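Protein chains in written order, with this note's numbering: chain A, 2 to 634; chain B, -18 to 220. Beta carbons are placed, not taken as given, at the ideal position from N, Cα and C, and that holds for glycine. On a predicted model such as this, the values are computed, not experimentally measured, just so you know.
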Amino acid sequence: KLLKKRSVNSAETEVQSVKIDCKVASRFAHTVMTSTALNKANVSQEVFFEVELPKTAFITNFSMEIDGKTYVGEVKEKEKAKKQYEKAVSSGQTAGLVKASGRKMEKFSVSVNIAANSNITFTLTYEELLQRHFGKYEIMIRVKPKQLVQHFEIAADIYEPQGIAFLDTYATFITNELLPLVEKTVTDKKAHLSFSPTLDQQRKCPDCDGTLIDGDFFIKYDVNRVQDLGDIQIVNGYFVHFFAPADLQRLPKNVVFVIDRSGSMSGKKMEQTREALQTILDDLYEEDHFGLITFDDKIVEWRPSLSNATKKNVNAAKTFVKNIQAVGWTNINDAVLRAVDILTAAEKNKTVPGNSASMIILLTDGDPTFGEQNLDIIKNNVKNAIGGNMSLFCLGFGYDVDYNFLDVMAKQNDGLARRIYEASDAVLQLQGFYDEVASPLLSEVHFNYPEDTVNSLTGSYFKQLFNGSEIVVAGQLNDIEMNDFAVEVSAQGAENYFVAKGQASAQKWDTIFPDQEYIFGDFTERLWAYLTIQQLLDKKDKGTPEEKANATAEALELSLKYNFVTPLTSMVVTKPETDEKPEDTLIADKLTEDQRTGVSTPNQHTGVSTPSQTVPQTSYSYASSPINWVDGD
Amino acid sequence: PHFIIELPDKNDALCFNINDKPGTIFNLVKDPLTGTVVNGQTIGDKKVNPASKENTYFGRFGIIHEKFGIRLMVSTQEILVSEHGKQAKLFWSDNTSVKGLNMDLQVTKDRSLTVTLRNSVKFVIILHKVWKKHPYHQDYLGFYTLDSHLFSRRVNGLLGQFYHGVQFEVSEPFAGKDVDKPDAFMFVKGHRLLVTRGWQKDFRNDVKNGENVPCWFIHNNGTGLIDGDLTDYTVSGLF
């Protein structure tokens, strides 16, 4: 194929506006990114639209408006979209996938050739349920317009019927001069934020074209928590239940850290693990019990049974940790099973409190290479050994791990997996993850709703509720006219068995938000669909073959119905035909964490731009070393 | 098997064939300072095509790194690894990645094995899968050194002796026996050799078809180019 160099003069593409409009109603965020550019050149040229969206978000819409004509993306089943893509390739048209990713975000990019003196408007919409971490919700908007923009605006409206407890905003690019431009209005249940610098205010210096707007814009907030039962909102036949009671006492926990010290952990990774564990061990509460297992092809326990997290024991463990050295192969199976044995023995021998929460935190950077290496057998072994009695959290260090294996294994055992990125902040990532799970408040949390009243419930059992997080359950009401129903939440608390009972009632949104006739209509239904799809996708990975097939079919149906780009669907975008190029098909996919391997800090920006030169990257260079070989003819 | 010696400084390559009885074990690399040894055992065709001469290929490689206590036996069937007495078996049929303290192995299913010995050497072994029912040919292996700059000056072997380059001059080419392949005289290691311009294949990127690499072909088992003669490189065992 001939590669044609595009000659583009960026000065001849004027980015006229970039607008990011985010509306949040009850944690469900709906963001619209719009960008308009004008090709001022007297020849046609390629215009790029590259934006980043959070990994947890689903794209719901994409459109391009060129000279009054609108081209809209269509969500299709992935396989069908792929066929369309292949068809485009086989008929000689250029076609490409639209996907990329970063640590927290993933990239959507598209380029279109537009005629001389033409305008183009790109609009991308995505939705996500904001998750509560460390007692706050976070909206992150990445902006990198790369050039000065005539009309640049970030606007956010937050509607929280529970009332906004606090709201903070900051941006990595905010200078003292830009700070007053961030306008923030917070009333009881409503917040409005805007940031709209003029061309001059965007400039890096008075006479230059460089822009200051380059970085992340954060909004962090929390809602008021008054009732033990949590907050239940009923809208148009759907309900959502947010549960994160205040003032619960922490449960004692029993935790075994299972640390990979195989050869590949040597160097920085081992050093960072040791450093993180020093702090993590210090952060254990005195009533906690803990154990440490390190493994390569040999399994080494710090102590054969759990120890109370007394200062003396913690200090002894810290000395043990200091001396962990990386060598050998990776035997994940036996290491995790040993941790299960230790926790099981502690529970059986009643050396730990009856109301305590047991968990295993596995840290590994590679595939199993010793002992049992079949991933399915390992998953089965671990699932059978754990038997629902404890949670397993897996931390995959770096990119060589089979993340999908860790993810499924964690989900099968009421836990979750997290990737730890190899970087200077790996210590903070490890500590951060531990902090998230360090304080279980409740265990065995059951949500009960009258069976004759609700249906299509998302998950209603949760192994644990952690401090600073929130459990969300959603469902449909059997009768759209229904305005109230009974709710009960029961769980094991620190002191007593926790039971909260009450009546859910529909609120009148027009009374709560009288000036806001429209928020975004069916958001409770979409929130329910979003949550259901997320849970079905989890189920798809961890269930029996039949469950997997059913979950996949159901998730696909919902993705198509609600226009979500999920790992099962793709958005097919048709680029218009021009004099130089035929009609072109592009496909936007949703990546799974497993597919994100290898991409750490992509160069991404929000808005439209002209292309920059691509510099080939060299991953390995053996400068003058000859490649000598011997082979057959 | 055909040998290729790339010489990036000269932007050129040398090549020669080695043919001997199937089953012969050749030393390819021996570095007494790092304790690295690579030996390869040849195999022939299943049966000899009466219309052609018998070709040999490498069917097994034995790799030793004394200092790291590593032994690696790679055949067309399997890969056996031992490190300080611990053993593991890998198969060509799986994508596998093994990370050890001193050695990383990566098997790309039915295709290649990449071996990285820390601070020492990186090489790739290519598996050539042949149709099982082929009347004459069978599976064989190729060995490619990717990084050899850490070998000591004392490294030798059929490949190893070229790791630090080789000095040679080539005369103006002239018409040879084959009209498409000019001949020339090469002055190397005190010898004047008749060499032919041809090409050999690099199978790293395209295991089926390979990519042509132009090279000066040294006839007669590389005689004159390699130090000593072929018998100096035959060894009694893989390890």
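- From the beta-carbon of Y38/B, the residues of chain A found nearer than 7 Å are G633.
- For F143/B, the CB contacts under 7 Å within the same chain, skipping 5 residues up- and downstream, are I(-14) in chain order.
- Rounded to the nearest angstrom, the Cβ distance from L71/B to V88/B is 6 Å, consistent with a contact under 8 Å.
- Cβ neighbours of V500/A within its own chain (closer than 6 Å, five residues either side excluded): S491.
- Contact holds between the segment 93 to 106 of chain B and the segment 128 to 139 of chain B, because three or more Cβ pairs, one in each stretch, are under 8 Å apart.
- Residue pairing by DSSP puts F29/A in a beta bridge opposite A26/A, L130/A.
- F463/A is positioned such that its CB atom lies closer than 8 Å to that of V446/A.
- Listed in chain order, the beta strand (DSSP E) runs fully inside the segment 424 to 487 of chain A are 441 to 449, 462 to 467, 472 to 478, counting runs of at least 3 residues.
- About 20 Å separates the beta carbons of P162/A and K185/A, which is beyond the 8 Å limit, so they are not a contact pair.
- At a cut-off of 3 residues, the continuous stretches assigned as beta strand (DSSP E) that sit fully inside the segment 16 to 50 of chain B are 17 to 24, 38 to 46.
- Each residue's CA atom was taken as its position, placing N390/A and N414/A some 9 Å apart.
- L538/A is a Cβ neighbour of T567/A, given a cutoff of 8 Å.
- Judged by their CB atoms, D164/B and G157/B are nearer to each other than the 8 Å cut-off.
- Going by C-alpha positions, V19/A is about 37 Å away from G397/A.
- If you compare the alpha carbons of M266/A, Q535/A, S440/A, L364/A with that of A418/A, the shortest gap goes to L364/A.
- With a threshold of 16 other beta carbon atoms within 10 Å, T199/A falls short and is exposed.
- Under a criterion of Cβ atoms nearer than 7 Å, the residues of chain B adjacent to I628/A are, in order, E(-13), Y125, T126, L127.
- For L54/A, the closest C-alpha among the options K105/A, E78/A, K412/A, R304/A is that of K105/A.
- The CB of L206/B never comes closer than 9 Å to any CB in chain A; the least such distance is about 13 Å.
- Using a Cβ-Cβ cut-off of 8 Å, A165/B does not count as an interface residue toward chain A, since no Cβ of chain A sits closer than that to its own.
- Contact between the segment 163 to 183 of chain A and the segment 215 to 235 of chain A is established, with three or more Cβ pairs separated by less than 8 Å.
- Around the beta carbon of A38/A, 16 or more other beta carbons sit within 10 angstroms, so the residue counts as buried.
- Closest by C-alpha distance to L14/B, out of H118/B, N137/B, I51/B, is N137/B.
- DSSP, reduced to helix, strand and coil, places M391/A outside both helices and strands of the structure shown, so it counts as coil.
- Taken through DSSP and simplified to helix, strand or coil, A589/A comes out as strand.
- Secondary structure of T71/A (DSSP, three-state): strand.
- N118/A and V73/A have their C-alpha atoms some 22 Å from each other.
- For the set T188/A, M572/A, Y563/A, S440/A, the Cα lying nearest the Cα of V256/A is the one of S440/A.
- By the rule that beta-carbons nearer than 8 Å mark a contact, A589/A does not touch chain B.
- In this structure, DSSP gives D366/A a state outside helix and strand, which the three-state scheme calls coil.
- Beyond the five residues adjoining it in sequence on each side, L179/A comes within less than 7 Å, by CB distance, of P198, Q202, L213 in the same chain, given in chain order.
- The Cβ atoms of T126/A and N177/A lie no closer than 8 Å to each other.
- Closest in alpha carbon position to N456/A, among V111/A, T525/A, F240/A, G216/A, is F240/A.
- Secondary structure of K384/A (DSSP, three-state): helix.
- Flagged as an interface residue toward chain A: I107/B, by a C-beta distance shorter than 8 Å.
- At a cut-off of 8 Å between C-beta atoms, A327/A counts as an interface residue with respect to chain B.
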